[in-house]
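Undergrad: In this note's numbering, the protein residues as written are 1 to 215.
For glycine and all other residues, C-beta sits at the position ideal for the given N, C-alpha and C.
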Amino acid sequence: MAAFAETSTIGVDLIVVSRQFGAGGGEVAAALGRSLGWKVLDREILSAAAERLHAEEASMEPIDEYASGLIERVAATFSLSAPEGVILPTDDVDADALAKAVHDVVRTAADAPPVVVVGHGAQCLLKLRPRTLAVRVFAPFEARVERVARRENSSREAARSEVARRDKQRERYLRHHFGCDPAEPTLYAVQVNTACVSIDGCVECILATAGVRSR
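#1: Between the alpha carbons of residue 210 and residue 99, how many angstroms are there, rounded?
#2: In chain order, what residues of the same chain have a beta carbon less than 8 angstroms from the beta carbon of residue 175, not counting five sequence neighbours either side?
#3: Starting from the Cα of residue 257, find the closest Cα among 103, 55, 122 and 116 and give me that residue.
#4: Using alpha carbons as the reference points, say which of 34, 187, 93 and 107 lies closest to residue 45.
#5: Measure from the alpha carbon of residue 152 to the alpha carbon of each residue in 58, 41 and 22, then state which is nearest.
#6: Taking only runs of the alpha helix (DSSP H) that begin and end inside the segment 93-143, which ones reach a length of at least 4 residues, in chain order?
#7: Apply the 10 Å Cβ neighbour rule to residue 157 and answer buried if 16 or more other Cβ atoms are within range, or exposed otherwise.
#8: What does the Cβ neighbour count give for residue 19, buried or exposed, with the cut at 16 atoms within 10 Å?
#9: Going by DSSP, name the residue or residues bridged to residue 39.
#10: Express the C-alpha separation of residue 11 and residue 126 in angstroms, rounding to a whole number.
#11: With burial defined as no fewer than 16 other Cβ atoms inside 10 Å of the residue's Cβ, what is the status of residue 144: buried or exposed?
#12: Check whether the Cβ of residue 178 lies closer than 7 angstroms to any heavy atom of the ligand ATP, and answer yes or no.
#13: Check each candidate in 25, 184, 63 and 128 and name the one with the smallest Cα separation from residue 198.
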């Protein structure tokens, strides 16, 4: 179901979509962009950040929306072999350097609205920006596991492990860079549960709250 918070959204020209992994936030953002005729920045954010860093986008993917822990930092400093599951800096670019480039890309996008921005802590980074509507797309854990298993053609066990890993990774990212809890309701004007609401229904909820019309 959708939850609405009181907000002054007259003249909204930027929508930020925070999403749980496997909840369909990218689909909601893409549908919003089509409905409004606005540019959507999703994977394009990483592409632009990699270009700023003169790095290969594919090599940046493992550390996108990732906050390095103590083990990674120590291993990188001393060039040690990392324990299984630990992600080390790639192409001489660590997760913090990538995050800084990503945040610069998001700020630049916010200066050239209208635009829909997906993920990367934009709900925290731009929370004080006027005319910005923050949306959270979520779903119960098992519903997301089912969706990821179907999408990736993987076992439920593998999907469950990946969803749990991504949830932990994104929470740590927001806490590390912004001191934010991704589930904090005051960060959002709209929260939609895609286990209960269709993609089109999510878009209708968001547009109704934003007070903007589809084209």
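TA: If we stick to the structure as given:
#1: Rounded to the nearest angstrom, the gap between the Cα atoms of residue 210 and residue 99 is 28 angstroms.
#2: The answer, listed in chain order, is 67 and 181.
#3: The first residue shown for the chain is 1 and the last is 215, placing residue 257 beyond what the model contains.
#4: Of the candidates 34, 187, 93 and 107, 107 places its Cα closest to the Cα of residue 45.
#5: In terms of CA proximity to residue 152, 22 leads the group 58, 41 and 22.
#6: Segments of the alpha helix (DSSP H) lying fully in the segment 93-143: 95-110 and 122-125.
#7: Exposed, by the Cβ-count rule.
#8: Burial call: buried.
#9: Residue pairing from DSSP places residue 39 in a beta bridge opposite 115.
#10: Taking the straight line from one Cα to the other gives about 16 angstroms.
#11: Taking all protein chains in view, the Cβ of residue 144 is crowded by 16 or more other Cβ atoms within 10 Å, so the residue is classified as buried.
#12: Questions concerning the ligand ATP fall outside what the structure shown contains, since it holds no ligand whatsoever.
#13: Scanning 25, 184, 63 and 128 for the CA closest to the CA of residue 198 turns up 25.
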